[in-house]
Structures are given as structure tokens and as C-alpha cells.
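Visitor:
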Amino acid sequence: MAGHHRRAAVLCGIGTWLPPRVVTNADLARQLDTSDEWIRTRTGIRERRVIDRGMSTSVLAVEAGARALKSSGSSEVDLVVVATTTPDHPCPSTAPEVAHRLGLTGVAAFDLNAVCAGFVYALATAAGHIAAGSAERVLVIGADTFTTVLNPLDRTTLAIFGDGAGAVVLRAGTPDEPGALGPFDLGADGSNADLLIVPAGGSEQRGSGEPLDPADVHFRMDGQPVFRNAVTRMSESAVKVLDRAGWRVEDVDRFACHQANARIISAVARDLAVPQERFVLNVDRVGNTVAASIPLVLADAAAAGDIEPGHRVLVTSFGAGLGWGSTVLTWPELDLG
Ligand code: UT7
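Under UniProt numbering, the first residue of the sequence shown carries the number 1, and numbering increases by one thereafter.
1) Specify the secondary structure class of Ser58 as computed by DSSP and reduced to three states.
2) Span of the alpha helix (DSSP H) holding Val149?
3) Cβ-heavy atom distance between Ser56 and the ligand UT7 below 8 Å?
4) Okay, do the stretch 179 to 193 and the stretch 316 to 329 touch, 3+ Cβ pairs below 8 Å being the bar?
5) List in chain order: all unbroken beta strand (DSSP E) runs of 3+ residues lying wholly within the stretch 257 to 334.
6) With DSSP as the reference, identify every bridge partner of residue 342, one or two as the case may be.
7) Compute the Euclidean distance between the alpha carbons of Ile277 and Leu298, then round it to the nearest angstrom.
8) Hey, quick one: how far does the beta strand (DSSP E) through Ala109 stretch, first residue to last?
9) According to DSSP, is Gly3 part of a helix, a strand, or is it coil?
10) With a cut-off of 8 Å, do at least 3 Cβ pairs link the stretch 174 to 185 to the stretch 251 to 259?
11) Sort Leu329, Asp271, Arg312 by Cα distance to Thr232 and report the nearest one.
12) Look at the alpha carbon of Gly118 and the alpha carbon of Asp144, and state the distance between them as a whole number of angstroms.
13) Which same chain residues, not among the five before or five after Val226, have their C-beta less than 7 Å away from its C-beta?
14) With a threshold of 8 Å, establish whether the CB of Gly319 neighbours any heavy atom of the ligand UT7.
15) May I ask whether a heavy atom of the ligand UT7 can be found less than 8 Å away from the beta carbon of Gly223?
16) Over what stretch of residues does the alpha helix (DSSP H) that includes Ala172 continue unbroken?
17) Do the stretch 99 to 112 and the stretch 41 to 51 make contact, defined as three or more Cβ pairs closer than 8 Å?
18) Return yes when the C-beta of Val226 is under 8 Å from any heavy atom of the ligand UT7, and no when it is not.
19) Does DSSP classify Trp38 as helix, strand or coil?
20) So, helix, strand or coil for Thr85, using DSSP?
21) Could you give the first and the last residue of the continuous beta strand (DSSP E) run that contains Gly13?
22) What's the C-alpha gap between Leu104 and Ser317?
23) Using three-state DSSP, classify Ile45 as helix, strand or coil.
24) Taking Cβ to Cβ, would you say Leu102 is nearer than 9 Å to Val140?
25) Under 8 Å, with one C-beta from each stretch per pair, do the stretch 297 to 314 and the stretch 10 to 24 reach the 3-pair mark?
26) Under the rule that 16 or more other beta-carbon atoms within 10 Å means buried, what is Ser203, buried or exposed?
27) Can Asn113 be considered in contact with the ligand UT7, in the sense that its beta carbon sits closer than 8 Å to one or more heavy atoms?
28) Taking the alpha-carbon positions, what's the Ala26 to Ile264 distance?
29) Identify the continuous alpha helix (DSSP H) that holds Thr156 and give its terminal residues.
30) Would you check if there are 3 or more beta carbon pairs closer than 8 Å linking the stretch 29 to 40 to the stretch 68 to 88?
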């Protein structure tokens, strides 16, 4: 099939939602042995949002999804994908209920768990459905309430993670139009699964016959090897996706990296020999929002005018699994609400 006949997935709407409660570094320092200075200098984070009692991932997902649909100018889609690692329940998946609450009862809906790389994996999955002709319009939501799995005594992870949701609408189009998602690079390394893990709550622990250790229901992270892997995996994945797209690194106007730590992003910029100013940032205000990170930073940068229509944008993410993924697009004109 000739290239210009290929169906592409085109970004045509974006929306985000953050829970209203702000938790500053000073707030954390009142409860834990940490300081605003440590958190700011080691991570670049100043504050994050945290859900209130009664909220859950679906609440955030519905708010972001509704805004993305409105931005796209149509509430019709034929697939809803929710990238999340903190579903409302272990079973069923969160997407059917999110779709129902968005007035999309009956539409295909499923969750995708690739942790911090979840949004890019979900974009690739949605783009595949569009390319195959099994969907015309897809709502892709990244939503996580990762604060619900953190250990309340672990100052390191409490400093980094926050809750949030972001969503986009993709429609069938052609590869040469603004907003068309370019090639993808996706990868995973399960040999390092234990670097970021919630040990209990799954079939391994439930099937073990062993009594539950309450500490195992919380997320654990081995920060330094994760940091090193984040830098190399995102840098290598960016190079691979540029090669597939036929772009040079200097052709990229804006890099949107997974927002986990501003120092990781600086190191990726150094690895790629790109000026830091081309890397969009909102980690200072939201921390690491897991699957919501990429749509949140894209929407924030677009709203601030830091990403403009016509900009060539490279998106890259990395997280637990390990898993990583990248794609490219030329930023389209969007209704930013
Ligand atoms: O989506 C992917 C998810 N995660 C990431 O990408 C995170 C990757 N890793 C990181 O961002 C960094 O490794 C951290 C921010 C987690 C930690 O920064 P670091 O510079 O690697 O610090 P470290 O782990 O080497 O710890 C240095 C010191 C330790 O104290 P000692 O042993 O030197 O006395 C820690 O106990 O800093 C201590 N520390 C803290 N101190 C104050 C760790 N967390 C805190 C804290 N406040 N919140």
C-alpha cells in the first residue's frame, strides 16, 4: 500500500484534570524527615496534587476525558482506552465505567497497564486500531492516583508522586497532516521488574498461601538504578524513534519527557546534546503522575504557548516494568478550552 494511503491516528482533542488539593514540599516536611530544599534540588518538584477522600482514578479520568472530547468537537468515539496502574478495582477494568459516565455506554473500553509508559503504549495501541480500520475515533486517557499505593512513611516516593489525569482524542487521518502520530518505539525489560514494585495484592501474593505482610501493599522503588535506566532508556528510545521518523535530533522543537525528576530530564538533554529549553517541564507543579504525565505536560506546555502549532514534538516515557516508549508528531491547532 502506498505511504500516502496509509491511515494515521491524528491528535484532535486534549483535556486534563487535577484534583484540587495541593500538597507542597513544606506540607510533606511537616509530617516526614524531609525538606523543601532536598526535594527541590534532588527532583525539581515544588508541589503535587493529591485526591481527597471519596475520589478515585475513574473520577479523574472522567473529568479529563470529558474535556478532551469537548476539545475534539465531538463526543463520539468507538474505543476508550484508560492507561492506569491504579484502577478503581482489581476487577473489572476502569475504562467501561469511565466510558459509561461519559455517555459512551456500549463503546469498546479497556484498561492498559504499562505504568509510566502507559500513555505512549496506549497511543500506539489506539493508533494500531485506527490503522487497522477497527476504530475511527479513540479516546485515550492516562489517569493515576498513585498516592493511594504509597507507603505513608516513605519520604522518597511521597516526595515524587502526585495524582492526575490527561486525555486525548485521536481520529483517522493521513500521515502528512498536523497531529498525525509518527512511528513508535516501544520496549520493556522485565529482568528489572523489582526496581519499582507493589509486591502484594496480585495473584503471586494471593496464591502464595503466606500471610499478607502489610508493608507489601505499598509501592517500593530503588531510586538510583531507576534514575540511570530512565536516562538511558528515554535517550535511546528517542534516537530510535527519530531514526524511524527520518528526523534529525535538531529538527525537534520540543521534547516532552515523562515527568519524574527534572534531573532525569536534564540528563536526557545532555545525552542528546539538545538545549534544555527545548524540554517542556511541569514536574515542579504536578510531580510524577504516572500514566497522566505525558498528556498533562503536553497540555500545560500548549496552554502556556511553549508548544505551538507546527512545532515538531518528540514524546518519550519510561517507568516500572521496566517499560518505555516514544513517538513524534507535528503539533496541531487544538481547542485548549
Ligand atoms: O517513573 C519512574 C519513577 N521513578 C523515577 O524516575 C525516580 C528515579 N529516581 C530518582 O529520581 C532519584 O533516585 C530520587 C529522587 C528517588 C532520589 O534521589 P537521589 O539523588 O538518587 O538520592 P539517593 O536515593 O541517593 O538518596 C540520597 C540521600 C539518602 O540519605 P543518606 O543515605 O545519604 O543518608 C536518602 O535517604 O537522600 C535521602 N533521601 C531524602 N532526604 C530528604 C531520600 N529521599 C529523601 C527525602 N528527603 N524526600
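Glycine is no exception: its CB is placed at the ideal position from the N, C-alpha and C atoms.
Predicted model only: the values in this text are computed from it and were never measured.
Guide: Reading off the structure:
1) helix
2) Per DSSP, Val149 belongs to no alpha helix (DSSP H) and is neither H nor E.
3) no
4) yes
5) 312 to 319, 323 to 330
6) The chain is shown from 1 up to 337; residue 342 falls before or after that span and cannot be answered.
7) Here the sequence assigns Glu to residue 277, which means Ile is not the residue at that position. Answer to the nearest angstrom: the Cα atoms are 15 Å apart.
8) 108 to 112
9) Caution is warranted here: a pLDDT of 48 is assigned to Gly3, below 50, making its placement in the model unreliable, and the coordinate value is therefore given only provisionally. Gly3: helix per DSSP, three-state reduction.
10) no
11) Asp271
12) 10 Å
13) Leu195, Leu196
14) yes
15) yes
16) It is not in any alpha helix (DSSP H) - Ala172 instead sits in the beta strand (DSSP E) that spans 164 to 173.
17) no
18) yes
19) helix
20) coil
21) 8 to 17
22) 29 Å
23) coil
24) no
25) yes
26) exposed
27) no
28) 23 Å
29) 155 to 160
30) no
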